[in-house]
Amino acid sequence: MSMNDPLGDMLTRIRNAQMRGKSTVRTPASKLRAWVLDVLKAEGYIRGYENVTTESGHAEIEISLKYYEGTPVIRELARVSKPGRRVYASVKEIPSVRNGLGVSIVSTPKGVMSDAAARNANVGGEVLCTVF
């Protein structure tokens, strides 16, 4: 898998780990990944995450996945903006996911936040991904 899209790579790791029923999954550490995870945690999609260092000294993030009665809480995790095709939205255009049941994660000038938070802050930005 190419690492041109580190965030897309993390989302894929989360999806794959959930399919296998894993309780945790690791991804190389980065600020953007941590910011997206902060939103996933705040919205109740993951238990949390912690920064860890591998034996070889690489910084990684260990994500604690969340299940409800054996089913992953995250049913759908989709990358919206991609390296080859960036997707930006004004505050009025920020997509609502499944009539508000899901969340769009937006990278705004005021930080990475949920679609609801971006609307409240009256900012638009790059639509990173959607969660449901």
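Each residue of the sequence shown is one higher than the one before, starting from 1 at the first, in the working numbering. No residue lacks a Cβ here, since even glycine has one placed at the ideal position from N, Cα and C.
- Going by beta carbons, arginine 47 and serine 30 fall outside the 8 Å limit.
- Residue environment: threonine 130 is assigned as buried (16 or more neighbouring CB atoms within 10 Å of its CB, all protein chains considered).
- Cβ contact annotation for proline 95 (same chain, cutoff 6 Å, sequence separation greater than five): Ser104, in chain order.
- Between threonine 24 and methionine 10, the beta carbon gap of about 13 Å keeps them out of contact (Cβ cut-off 8 Å).
- For leucine 32, the three-state secondary structure derived from DSSP is helix.
- Sequence-distant partners of tryptophan 35 (beyond 5 residues in either direction) whose C-beta falls short of 6 Å from its own C-beta, in its chain, are Val112.
- Valine 97 sits away from threonine 108, with the two beta carbons spaced by 8 Å or more.
- Here glutamate 62 has Thr24, Arg26, Tyr49, Glu50 and Val52 as same chain residues with Cβ atoms under 7 Å from its own Cβ, once five neighbours each way along the sequence are excluded.
- Rounded to whole angstroms, the separation of the alpha carbons of tyrosine 45 and lysine 66 is 7 Å.
- When secondary structure is reduced to three states using DSSP, leucine 7 falls in the helix class.
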